[in-house]
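Novice:
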Amino acid sequence: MMRNIEYLEQQAKQIRRLIIRSIGKAGSGHPGGSLSCADLMAALYFDVMNIKPQEPLWEDRDRFVLSKGHACPALYAALAMKGYYPMEELDHLRELGSILQGHPYSGKTPGVDVSTGSLGQGLSVANGIALGARLDGKDYYVYCLMGDGETEEGQVWEAAMSTVHYRLDHVIAFVDYNHLQIDGTIEEIMGNVNVAGRFEAFGWNVLTIDGHNTEEILQAIDSAKESKGIPTMIVMNTVKGKGVSFMENQVGWHGSAPSADQVAQALKELGE
Amino acid sequence: MSELIATRDAFGQAIIEFAENNEKVVVLDADLAKATMSCKFKDAYPNRFFDMGIAECDLVGTAAGLATTGKIPFACTFAVFAAGRAFEQIRNSVAYPHLNVKICGSHGGISVGKDGATHQAVEDLAVMAAVPNMVVLNPGDAVEMRAAVKAMIDYDGPVYIRLGRNPVPVVFDPDTYCFQIGKGIKVRKGKDVTLVATGSLLDIANQAAEKLLAEGIQAEVINIATIKPLDKDLIVESAKKTQRVVVLEEGIIVGGLGSAVAHALSEQYPVPMRYIGMDDCFGQSGDPVALMEYYGMTAEETVRKVKELL
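Going line by line, the protein sequences match chains A and B. When the letters of the first sequence are read in order and numbered with my numbering, they come out as residues 61 to 332. When the letters of the second sequence are read in order and numbered with my numbering, they come out as residues -15 to 294.
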């Protein structure tokens, strides 16, 4: 099947613009790690996932667990573009009473399958969903995106054992390997090296790709679906802050909002 | 002497019974199935049982995922590890999104005995009650446990339930006993003092009431199996009659049932109170009966505290 790569790249760019705009409006949020996963969000929501935006709780839908919940501006943008809720909601990110909480909350946001934000918990939940699907005889997929710094949480490795032990090949997981966490690089903070090798040692089928290359993302997911009995971890080499020159590879943009001038400059770079 | 059954045994039996006609019920454990008695479910329904290994955080997270698919997961381990180690998973992955996960903490209280303080949950009920959205249950005997298991399956939402390790007397009549989440039960009528007891200490409260009666003091005994939401009406109504209250629990007083009762009464009808429970301390190794005596969880100590109020 020929896929429209150019279209997905445009969607990713739109997601990036919405990330900048919504975080700028909110005055707080996490632009760096949202921008680094925008290409994956576009590929999942505009190509890969079997979903019905008009029926968010459709039983047979593919699920997405944003374990690195602080990157929710990317998810919120994708969901709005898919029509889960009006685009105007993005203007109310992090406001009192908003359906768009500072971290994903299934209780308020249509399309958010799992509440996340406390790092390290998402893969366990994804495993549980896959076990439930198996009990129900359903074959939907559960996609789970983790941060690279997040793999410093012990629960990630508890869950990594479980996915393999229970042969949950319908869990397709990703690590956003942008090498930065709040206090510095993941290597200098916790000697967090060779993420791929660690998951391989736990028995995963590991693929390493360019996380900003839409074709590679799609191919990796296709390949993951061919893996029988062994779950797949797709390690995406990414750039934190991707697409906005002054944010790229800058640890300071993990959790701070751009000013109005910076928003204008970023949007200009993103082709608005 | 009535029959002795540990509430964990009653739990293991009940969950099999009610899972027979409810395929949504699934059970997870963290390598303690033979202690929490979820092993019975494993034998009966192996396809619906998942051992997650010695990994309580993953246990709770996996249960949360199963709940999002419409299952009713019972996540079982020791109370210390459930409410302690996996506290934040329970808070963020289960309670906050109001998922239908049942957290089952076995070996609650100090009557665990010789394993000592590391394995004696004294604060599980208090910390679970502090979490918004959580229903917290602490059944007192086998009959109440069976009924509570049925009720928590019927209730759509997160529940914490404490299971006891040691055999305790069966006090309720299985033919007439009716359990409702949030409702306490007046098990004995009296006019001079109210004894509010939960879990294993219901038996102690009843023994104390007998001793008091021998001295002409009529104690009203209220059994509270639901720590949260608390049956405030029942307690306030009784306090209005007796004018004094003693609360009994096998756990820390701060944040536990003692605090909850004091909170309710202080707002609606303050009366002098006393507490039987762990006074801001950990347990230790020892024979269960000796431990209960050491920490003052006895009928004699209850009688002594009642007399302080008379």
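Glycine residues also receive a C-beta, built at the ideal position from the N, C-alpha and C atoms. Computed from a predicted structure; not experimentally measured.
Would you call the stretch 250 to 258 of chain A in contact with the stretch 70 to 87 of chain B, where contact means no fewer than 3 C-beta pairs closer than 8 Å?
Specialist: Counting Cβ pairs under 8 Å, fewer than three are found: no touch.
Novice: Along the beta strand (DSSP E) that carries ASN265 of chain A, what are the first and last residues, could you check?
Specialist: Here residue 265 of chain A refers to the residue found at position 205 when the first sequence is read from its first residue. Run containing ASN265 of chain A: 265 to 270, per the beta strand (DSSP E) assignment.
Novice: Below 8 Å, can you find three or more Cβ-Cβ pairs linking the stretch 94 to 104 of chain B to the stretch 0 to 7 of chain B?
Specialist: Flag = no, the stretch 94 to 104 of chain B and the stretch 0 to 7 of chain B do not touch.
Novice: Of all the alpha helix (DSSP H) runs that stay within the bounds of the stretch -6 to 48 of chain B, which reach a length of 4 or more residues?
Specialist: Fully enclosed alpha helix (DSSP H) runs of 4 or longer: 17 to 20 and 23 to 28.
Novice: Answer with buried or exposed for CYS132 of chain A, where buried requires no fewer than 16 other C-beta atoms within 10 angstroms of its C-beta.
Specialist: As a first step, residue 132 of chain A must be located in the first sequence, where it is residue number 72. CYS132 of chain A should be labelled buried.
Novice: With 16 as the cutoff for other CB atoms within 10 Å, does MET141 of chain A come out buried or exposed?
Specialist: Counting from 1 along the first sequence, the entry for residue 141 of chain A is found at position 81. Classification of MET141 of chain A: buried, given that the 10 Å Cβ count is 16 or more.
Novice: If you follow the beta strand (DSSP E) that SER90 of chain B is part of, which residue opens it and which one closes it?
Specialist: As a first step, residue 90 of chain B is located in the second sequence; it is residue number 106 there, counting from the start. Taken as a continuous stretch (DSSP letters only), the beta strand (DSSP E) holding SER90 of chain B covers 86 to 90.
Novice: Rounded to the nearest angstrom, what separates ILE211 of chain B and ALA63 of chain B at their Cα positions?
Specialist: For this step, residue 211 of chain B is matched to residue 227 along the second sequence. For this step, residue 63 of chain B is matched to residue 79 along the second sequence. Between ILE211 of chain B and ALA63 of chain B, the C-alpha separation is close to 15 Å.
Novice: Could you confirm whether any beta carbon from chain A is found closer than 8 Å to the beta carbon of THR53 of chain B?
Specialist: The residue given as residue 53 of chain B occupies position 69 in the second sequence. Cβ-Cβ to chain A under 8 Å: yes for THR53 of chain B.
Novice: To the nearest angstrom, report how far apart ARG81 of chain A and ASP151 of chain A are at their CA atoms.
Specialist: Numbered from 1 along the first sequence, position 21 holds the residue referred to as residue 81 of chain A. Numbered from 1 along the first sequence, position 91 holds the residue referred to as residue 151 of chain A. Whole-angstrom Cα-Cα distance: 8 Å.
Novice: Output, in sequence order along the chain, the residues in the stretch 45 to 70 of chain B whose CB is closer than 8 Å to any CB in chain A.
Specialist: The stretch 45 to 70 of chain B vs chain A, Cβ under 8 Å: GLY45, THR46, ALA47, ALA48, GLY49, LEU50, ALA51, THR52, THR53, GLY54, LYS55 and PRO57.
Novice: Of all Cβ atoms in chain B, is any one closer than 8 Å to the Cβ of LEU150 of chain A?
Specialist: Locating residue 150 of chain A in the first sequence gives position 90, where the first residue counts as 1. Answer no: the Cβ-Cβ gap between LEU150 of chain A and chain B never drops below 8 Å.
Novice: Using the C-alpha atoms, what's the distance from GLY45 of chain B back to ASP(-7) of chain B?
Specialist: The residue labelled residue -7 of chain B in the question sits at position 9 within the second sequence. The residue labelled residue 45 of chain B in the question sits at position 61 within the second sequence. In a straight line, the C-alpha of ASP(-7) of chain B is about 25 Å away from that of GLY45 of chain B.
Novice: Do we get a CB-CB distance below 8 Å when we pair ASN187 of chain A with the residues of chain B?
Specialist: If you number the first sequence from 1, residue 187 of chain A lands on position 127. For ASN187 of chain A, the answer is yes, since a Cβ of chain B falls inside 8 Å of its Cβ.
Novice: For LEU43 of chain B, which residues in the same chain have their Cβ closer than 6 Å to its Cβ, ignoring the five residues on either side in sequence?
Specialist: Start at 1 with the first residue of the second sequence, and residue 43 of chain B comes out as number 59. Only LEU12, ALA14, MET36 and ALA59 meet the Cβ criterion.
Novice: Going by C-alpha distance, which of A:ASP196, A:PHE234 and A:GLY315 is nearest ASP120 of chain A?
Specialist: The sequence position of residue 120 of chain A within the first sequence is 60, counting from 1. Ranking A:ASP196, A:PHE234 and A:GLY315 by Cα distance to ASP120 of chain A puts A:ASP196 first.
Novice: Would you call MET257 of chain B buried or exposed, if buried means 16 or more other Cβ atoms sit within 10 Å of its Cβ?
Specialist: Translated into the one-based positions of the second sequence, residue 257 of chain B becomes position 273. The residue is buried, with at least 16 neighbouring Cβ atoms inside 10 Å.
Novice: Straight-line CA distance for VAL231 of chain A to ARG69 of chain B?
Specialist: Numbered from its first residue, the first sequence carries residue 231 of chain A at position 171. Numbered from its first residue, the second sequence carries residue 69 of chain B at position 85. Whole-angstrom Cα-Cα distance: 26 Å.
Novice: What in chain A is Cβ-close to PRO81 of chain B, meaning under 9 Å?
Specialist: The residue you call residue 81 of chain B lines up with position 97 of the second sequence. The answer, in chain order, is TYR165, SER166, GLY167, VAL174 and SER175.
Novice: Does GLN335 of chain A come within less than 8 Å of chain B when only Cβ atoms are used?
Specialist: As displayed, chain A neither begins before 61 nor continues past 332, which places residue 335 of chain A out of reach and without an answer.
Novice: Take TRP118 of chain A and list the residues in its own chain whose beta-carbon comes closer than 6 Å to its own, dropping the five residues that flank it on each side.
Specialist: In the first sequence, residue 118 of chain A corresponds to position 58, counting from 1. Cβ within range, chain order: LYS112.
Novice: Could you spell out where the beta strand (DSSP E) holding LEU228 of chain A opens and where it closes?
Specialist: If you number the first sequence from 1, residue 228 of chain A lands on position 168. Counting along the chain, LEU228 of chain A falls outside any beta strand (DSSP E), and DSSP gives it neither H nor E.
Novice: From what residue to what residue does the beta strand (DSSP E) around PRO57 of chain B run?
Specialist: Taking the second sequence and counting its residues from 1, one reaches residue 57 of chain B at position 73. Note, PRO57 of chain B: beta strand (DSSP E), 56 to 62.
Novice: Closer than 8 Å by beta-carbon distance: list the chain A residues that pair up with ASN84 of chain B, in chain order.
Specialist: For the purposes of this step, residue 84 of chain B is taken as the residue at position 100 of the second sequence. Correct list: empty, because the minimum Cβ distance to chain A is about 12 Å.
Novice: List the residues of chain A whose Cβ lies closer than 9 Å to the Cβ of GLY(-4) of chain B, in chain order.
Specialist: Against the second sequence, residue -4 of chain B aligns to sequence position 12. Those do not exist, as GLY(-4) of chain B stays about 21 Å from chain A at its closest Cβ, beyond 9 Å.
Novice: Which word fits ASN76 of chain B, buried or exposed, when buried means at least 16 other C-beta atoms lie within 10 angstroms of its C-beta?
Specialist: Along the second sequence, one-based indexing puts residue 76 of chain B at 92. So ASN76 of chain B ends up on the buried side.
Novice: Measuring only between beta-carbons, confirm whether GLY37 of chain B sits less than 8 Å from chain A.
Specialist: Within the second sequence, numbered from 1, the residue matching residue 37 of chain B stands at position 53. Yes, its Cβ sits closer than 8 Å to a Cβ of chain A.
Novice: Identify which residue in B:LEU147, B:ALA17 and B:ARG32 has its Cα closest to the Cα of THR(-9) of chain B.
Specialist: What you label residue -9 of chain B is simply residue 7 of the second sequence in a count that begins at 1. Of the candidates B:LEU147, B:ALA17 and B:ARG32, the one whose C-alpha sits nearest the C-alpha of THR(-9) of chain B is B:LEU147.
Novice: Taking C-beta to C-beta, are TYR144 of chain B and GLY89 of chain B nearer than 8 Å?
Specialist: Counting from one through the second sequence, the residue named residue 144 of chain B turns up at place 160. Counting from one through the second sequence, the residue named residue 89 of chain B turns up at place 105. For TYR144 of chain B and GLY89 of chain B, yes; Cβs fall inside 8 Å.
Novice: Enumerated in chain order, which unbroken segments of the alpha helix (DSSP H) with a length of 4 residues or greater are wholly contained in the stretch 160 to 225 of chain B?
Specialist: Listed in chain order, the complete alpha helix (DSSP H) runs (minimum 4 residues) inside the stretch 160 to 225 of chain B are 185 to 198.
Novice: GLN73 of chain B CB to nearest chain A CB: under 8 Å?
Specialist: The count along the second sequence starts at 1 and reaches residue 73 of chain B at position 89. It does: the Cβ of GLN73 of chain B has a partner Cβ on chain A nearer than 8 Å.
Novice: Distance cutoff 8 Å, beta carbons only. Does ASN5 of chain B sit that close to anything in chain A?
Specialist: Indexing the second sequence from 1 puts residue 5 of chain B at position 21. No, ASN5 of chain B lies away from the interface with chain A (no Cβ there is under 8 Å from its Cβ).
Novice: Based on the DSSP output, what are the partners of THR292 of chain A in its beta bridges?
Specialist: In the first sequence, residue 292 of chain A corresponds to position 232, counting from 1. THR292 of chain A pairs with A:ILE232 and A:ASN265.
Novice: Buried or exposed, going by whether 16 or more other CB atoms sit within 10 Å of the CB of ASN5 of chain B?
Specialist: Residue mapping note: residue 5 of chain B aligns to position 21 of the second sequence, counting from 1. Flag for ASN5 of chain B reads exposed.
Novice: Between GLY240 of chain B and the rest of its own chain, which residues show a CB-CB distance below 6 Å, the 5 nearest in sequence each way excluded?
Specialist: Within the second sequence, residue 240 of chain B is the residue found at index 256, counting from 1. These residues qualify, in order along the chain: LEU109, ALA110 and GLU233.
Novice: With distances taken from CA atoms, which of B:VAL106, B:SER22 and B:ILE137 is nearest ILE56 of chain B?
Specialist: Taking the second sequence and counting its residues from 1, the one referred to as residue 56 of chain B is at position 72. Here the closest residue by C-alpha is B:ILE137.
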